[in-house]
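Trainee: Per my numbering, the sequence shown starts with residue 1, numbered consecutively.
All C-beta atoms in this analysis are idealised placements derived from N, C-alpha and C, irrespective of residue type, glycine included.
These numbers come from a predicted model, not from an experiment.
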Amino acid sequence: MFSKSGVYEACGMFTIGHFVLIGITVIAIIISLKLTRKKSKEQVHKIITCLTIPICILEIVKIIFNITINSVKNINTYVPLYYCSMLIYAGLLSSFGKGKVRRIGDVFLATGSIVGGIVFVLFPTTSIPSYPIFHFISLHSFFFHGTMIYLGLLVNITNYIELKKDDIKYFVALVGTICVFALIVNNIFDSNLMFISKNFPNSPLEIIYNLTNGTILYNLIMISVQLTLPFYVPYWIIKKVKKVKIEEAEVKETIEAC
């Protein structure tokens, strides 16, 4: 459960074990949504808080594990300055923030959280390629990212917030801040937090890195993509879905009136 990487055979990506973890995660999300999709805004806020607290505790355990088992010098394995790490900050802002500060957390949960969770569940490059399926890191990673997806969907299904196009400023405020801190730490410790400073071998990011020859263009692309796409893609989909529902409701009303 807490063994070093390499002691036991790793689960690996796109294996039976990986698909089992995906299946369990999807089922857990579906069941959770079925049980909570009709909750009030106050209840949704409590759910966010109740999930954020254990997420933070588990992240601390993960940090202690990586420092103990690996090395304090291996910044990449334990410093929570990755895109998905923003679940922690967004959850805290949404749970305990007020006004615009809380809005920052809510907006990320409604948009970027879904994207980050889905991408990792499909490409869990930092867990199961190195650890077996029943290892703390593997199970934690799927619980963590499954929670990202669940909270994102819950916030939208319950209309916890009404997303607006100019909410991008709140999204950029959080993601941009993390990018700045990541760049500073990367330059000091030669790390690759947020995957914005170096190549990440054996991942789709390697294609971008090779196409840009690892120049500053790579840094700019990685930062720009993370600042925009994870907001606009969900925003566009959410607006389309709501538009279709409104049109269907209007057609139903027309038919009933006749």
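Put Glu9 into one of helix, strand or coil per three-state DSSP.
Mentor: As a first step, residue 9 must be located in the sequence shown, where it is residue number 9. Glu9 falls in the coil class under three-state DSSP.
Trainee: Could you check what DSSP says for Lys198 in three-state terms: helix, strand or coil?
Mentor: Here residue 198 corresponds to residue number 198 of the sequence shown, with the count starting at 1. Coil.
Trainee: Is Asp167 helix, strand or coil when you go by DSSP?
Mentor: Within the sequence shown, the letter at position 167 stands for residue 167. The answer is helix: DSSP assigns Asp167 an H, G or I state.
Trainee: List the whole-angstrom C-beta distance separating Leu193 from Asn70, where the pair is believed to meet the contact cut-off of C-beta under 8 Å.
Mentor: Counting from one through the sequence shown, the residue named residue 193 turns up at place 193. Counting from one through the sequence shown, the residue named residue 70 turns up at place 70. In fact, because the Cβ distance is near 15 Å, the residues do not count as touching under 8 Å.
Trainee: What are the boundary residues of the alpha helix (DSSP H) that includes Glu59?
Mentor: Position 59 of the sequence shown, counted from the first residue, corresponds to residue 59. Counting along the chain, the alpha helix (DSSP H) containing Glu59 begins and ends at 41-69.
Trainee: Is it right to say Ala249 is buried, meaning 16 or more other beta carbons lie within 10 angstroms of its own, or is it exposed?
Mentor: If you number the sequence shown from 1, residue 249 lands on position 249. Answer is exposed; the Cβ neighbour count stays below 16.
Trainee: I'd like the span of the alpha helix (DSSP H) that includes Tyr83, first residue to last.
Mentor: For this step, residue 83 is matched to residue 83 along the sequence shown. Tyr83 -> no alpha helix (DSSP H), and no H or E assigned at all.
Trainee: In terms of residue numbering, what span does the alpha helix (DSSP H) encompassing Lys100 cover?
Mentor: Here residue 100 is taken as the residue at index 100 of the sequence shown, counted from 1. Here the alpha helix (DSSP H) through Lys100 covers 99-110.
Trainee: Contact check, Leu151 vs Leu93 under 8 Å by CB: the rounded distance?
Mentor: Here residue 151 corresponds to residue number 151 of the sequence shown, with the count starting at 1. Here residue 93 corresponds to residue number 93 of the sequence shown, with the count starting at 1. In fact, because the Cβ distance is near 13 Å, the residues do not count as touching under 8 Å.
Trainee: Might you give, ordered along the chain, the residues of its own chain that have their beta carbon closer than 8 Å to the beta carbon of Leu261, omitting 5 neighbours on each side?
Mentor: One cannot answer for residue 261 here, as it falls past the ends of the chain, which runs 1 to 258.
Trainee: When DSSP labels each residue in this structure, what does Lys4 get in the three-state scheme?
Mentor: Residue 4 sits at position 4 when you count from the first residue of the sequence shown. If DSSP states are grouped into helix, strand and coil, Lys4 belongs with coil.
Trainee: Helix, strand or coil, according to DSSP, for Val244 in the structure here?
Mentor: Here residue 244 refers to the residue found at position 244 when the sequence shown is read from its first residue. Here Val244 sits in helix by DSSP.
Trainee: CB His45 to CB Pro124, shorter than 9 Å?
Mentor: Start at 1 with the first residue of the sequence shown, and residue 45 comes out as number 45. Start at 1 with the first residue of the sequence shown, and residue 124 comes out as number 124. The answer is no: Cβ separation not under 9 Å.
Trainee: Please state whether DSSP places Tyr131 in a helix, a strand or coil.
Mentor: Mapped onto the sequence shown, residue 131 falls at position 131. Note: Tyr131 maps to coil in three-state DSSP.
Trainee: If contacts are defined as beta-carbon pairs under 8 Å, then Ala10 and Ser130 qualify, I think. What distance do you get, rounded to the angstrom?
Mentor: One-based indexing of the sequence shown puts residue 10 at position 10. One-based indexing of the sequence shown puts residue 130 at position 130. Going by Cβ atoms, the distance from Ala10 to Ser130 rounds to 5 Å, so yes, they are a contact pair.
Trainee: If you follow the alpha helix (DSSP H) that Asn210 is in, where does it begin and where does it stop?
Mentor: For this step, residue 210 is matched to residue 210 along the sequence shown. Its alpha helix (DSSP H) spans residues 205-211.
Trainee: Is Lys38 helix, strand or coil when you go by DSSP?
Mentor: Reading the sequence shown from its first residue, position 38 is the one you call residue 38. Coil, per DSSP.
Trainee: Any idea if Tyr89 is buried or exposed, counting beta-carbon neighbours within 10 angstroms, 16 or more meaning buried?
Mentor: If you number the sequence shown from 1, residue 89 lands on position 89. Buried, because 16 or more other Cβ atoms sit within 10 Å of the Cβ of Tyr89.
Trainee: Below 8 Å on the Cβ atoms is my contact criterion, and I expect Gly91 with Thr52 to pass it. Report the Cβ-Cβ distance as a whole number of Å.
Mentor: Here the question's residue 91 lines up with position 91 in the sequence shown. Here the question's residue 52 lines up with position 52 in the sequence shown. Contact holds; Cβ gap of about 3 Å.
Trainee: Assuming Leu205 contacts Phe195 (C-beta within less than 8 Å), just tell me the rounded distance between them.
Mentor: Stepping through the sequence shown from its first residue, residue 205 is reached at position 205. Stepping through the sequence shown from its first residue, residue 195 is reached at position 195. Yes, they are in contact, since the Cβ atoms of Leu205 and Phe195 sit about 6 Å apart, within 8 Å.
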